[in-house]
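In structure tokens form, the structure reads like this:
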């Protein structure tokens with residue numbers, strides 16, 4: 787049940803949000819035991835008036851290239867798996883899409899496995 | 787404290803998002819003991835570049851008619867009540883608005899009862 | 787790790803969303819022991835079709851001036867601190883930006899401290 791919300795600035799190359807989303811999807815698949823094809827994402831594009839960030843919090847230099855990724859997912863992954871997920875997303879967005887590692891802000895929201903329905907009004911994971 | 791976020795494609799009939807929201811509100815009222823008039827919803831419209839979904843995950847056939855509903859609500863509902871909520875939303879969106887049952891994706895995020903303020907800077911449920 | 791989502795109506799004065807965000811940031815700083823500069827916010831603007839609210843729930847009179855603030859933050863704040871946060875946000879939005887206190891809807895989503903990465907693929911708070 788990952789539901790992924792990606793927020794980034796307008797004016798990037800075409801379908802940039804979708805490309806970021808593909809990388810995030812693949813990283814989840816390869817690190818946190820997410821089932822294949824559990825791929826649901828909502829992307830919003832912003833300008834500097836509607837996406838605010840601190841340019842230096844924790845001594846990380848951020849630019850308007852910031853990408854905010856919030857993932858609602860089933861609870862239970864270990865801290866180590868979460869760390870691996872962050873690292874994998876950051877490395878692949880950098881190597882694959884030339885995103886600065888500093889630009890990648892990730893937030894996880896954990897929910898119970900019965901908290902999702904993928905269609906037909908059924909709690910498929912309950 | 788349900789706060790409902792509904793994401794769906796542009797180009798539907800007028801006020802489609804609101805109509806979906808009304809059905810979701812009424813379903814919560816009739817199934818999960820939500821107080822009457824606790825009705826707060828945020829709707830975002832997307833195109834295929836900004837709302838991504840798998841067309842067949844869990845053998846459910848999805849089309850651009852997909853509707854993603856994420857509800858932040860107070861914790862404590864049983865699994866049975868959550869299942870009833872999913873079923874009721876799906877049945878009523880289908881019968882009332884002709885939405886395909888397969889199109890309805892629901893995600894619940896549970897929070898403590900002191901985690902909301904409905905106005906005036908007060909935690910009304912704490 | 788507060789990630790703040792602010793939803794409000796279009797047609798307000800310039801940068802109104804950002805000004806609201808600044809007040810929310812400062813209120814978190816002054817009440818819930820948030821580190822300075824932990825400032826990340828996503829603002830969405832709506833019309834009456836895409837931001838729905840009840841005009842009188844809990845006997846609070848709401849108008850299109852409603853502002854919905856949802857904050858994802860690390861778990862562990864006491865009920866008293868949360869109450870102080872709500873009160874401080876409401877008082878300052880009222881005194882500083884002339885927002886009606888009744889208009890301020892706040893929702894908190896709490897997460898574990900390892901659930902965020904502020905950049906570089908690292909879980910800085912884990």
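Chains as they are written, first to last, in this note's numbering: chain A, 787 to 912; chain U, 787 to 912; chain G, 787 to 912. Every residue, glycine too, gets a C-beta built ideally from N, C-alpha and C. The structure presented is a predicted model; accordingly, all values stated were derived computationally and were not measured.
Considering only the beta carbon of each residue, do residue 853 of chain U and residue 889 of chain U sit closer than 8 Å? yes
For residue 811 of chain G, decide whether its Cβ has a neighbour in chain U, counting only Cβ atoms nearer than 8 Å. no
In or out: residue 813 of chain U buried (at least 16 other Cβ within 10 Å) or exposed? Buried.
When the cut-off is 8 Å and only beta carbons count, does residue 903 of chain U lie next to chain G? Yes, contact with chain G.
Taking residue 900 of chain A as the reference, which of U:897, U:865, U:880 and U:900 has the closest Cα? U:865
Kindly provide the ranges of any beta strand (DSSP E) runs that are 3 or more residues long and lie completely inside the region 813-846 of chain A, ordered along the chain. 826-832 and 837-839
How far does the beta strand (DSSP E) with residue 866 of chain G in it reach, from first residue to last? Per DSSP, residue 866 of chain G belongs to no beta strand (DSSP E); it is in the alpha helix (DSSP H), 865-883.
Would the region 847-863 of chain U count as touching the region 879-893 of chain U if we require 3 or more Cβ pairs under 8 Å? yes
Short check: CB of residue 919 of chain G to CB of residue 829 of chain U, under 8 Å? In the structure displayed, chain G extends from 787 to 912; residue 919 of chain G sits before or after that span and is not available.
Report the neighbours of residue 843 of chain A on chain G: residues whose CB is nearer than 9 Å to its CB, in chain order. By Cβ distance, chain G contributes 821, 822, 823, 824, 825, 826, 904 and 905.
Would you kindly check if the distance between the Cβ of residue 811 of chain A and the Cβ of residue 825 of chain A is under 8 Å? yes
Could you compute how far the alpha carbon of residue 787 of chain U sits from the alpha carbon of residue 907 of chain A? Going by the C-alpha atoms only, they are around 22 Å apart.
What residue does the beta strand (DSSP E) around residue 942 of chain U start on, and which one ends it? With chain U covering only 787 through 912, there is no way to say anything about residue 942 of chain U.
Per DSSP, which one or two residues make a beta bridge with residue 903 of chain U? G:892
Can you tell me whether residue 827 of chain G is buried or exposed? The criterion is at least 16 other CB atoms within 10 Å of its CB, across all chains shown. buried
Comparing the C-beta of residue 789 of chain G with each C-beta of chain A, is any distance below 8 Å? At least one CB of chain A lies nearer than 8 Å to the CB of residue 789 of chain G.
Can you find a C-beta in chain C that's less than 8 Å from the C-beta of residue 803 of chain A? In the structure shown, chain C does not exist; the protein chains are A, U and G.
At the 8 Å Cβ level, is residue 856 of chain U part of the contact set with chain G, yes or no? no
Can you give me the Cβ contacts of residue 911 of chain A inside the same chain, cut-off strictly under 8 Å, excluding the 5 residues immediately before and after it? 787, 860, 899, 900 and 902
Is it the case that the Cβ atoms of residue 831 of chain U and residue 796 of chain U are separated by a distance below 8 Å? Yes.
Any chain A beta carbon closer than 8 Å to residue 900 of chain G: yes
With a cut-off of 8 Å, does the C-beta of residue 836 of chain U fall near any C-beta of chain A? Cβ-Cβ to chain A under 8 Å: yes for residue 836 of chain U.
Report the rounded CA-to-CA distance for residue 823 of chain A versus residue 887 of chain G, giving the unit in angstroms. Put simply, the backbone Cα of residue 823 of chain A is about 45 Å away from that of residue 887 of chain G.
If residue 838 of chain U sits next to residue 807 of chain A, beta carbons under 8 Å apart, how far is it from one beta carbon to the other, in whole angstroms? 6 Å
Thinking C-alpha only, which one of A:872, A:863 and A:867 is nearest residue 897 of chain A? The shortest C-alpha separation from residue 897 of chain A is found at A:863.
If I follow the unbroken beta strand (DSSP E) through residue 857 of chain A, where does it start and stop? 853-860
Distance between residue 789 of chain U and residue 881 of chain G (C-alpha atoms, nearest Å): 26 Å
At 8 Å on the CB atoms, spell out the chain G contacts of residue 887 of chain A, in chain order. Near residue 887 of chain A (Cβ distances below 8 Å), the residues of chain G are 905, 906 and 907.
Could you check whether the Cβ of residue 817 of chain A sits closer than 8 Å to any Cβ belonging to chain U? no
Spell out whether any CB of chain G is found under 8 Å from the CB atom of residue 910 of chain U. yes
Cut-off 7 Å between Cβ atoms - residues of its own chain near residue 876 of chain G, not counting five sequence neighbours on either side: 887 and 890
With distances taken from CA atoms, which of U:867, U:851 and U:871 is nearest residue 883 of chain U? U:851
Nearest-angstrom Cα separation, counted from residue 847 of chain U out to residue 819 of chain G: Cα atoms of residue 819 of chain G and residue 847 of chain U: separation of roughly 47 Å, rounded to the nearest angstrom.
Is there a Cβ from chain G that is less than 8 Å from the Cβ of residue 830 of chain A? yes
Run through DSSP, which three-state label would residue 798 of chain G get? coil
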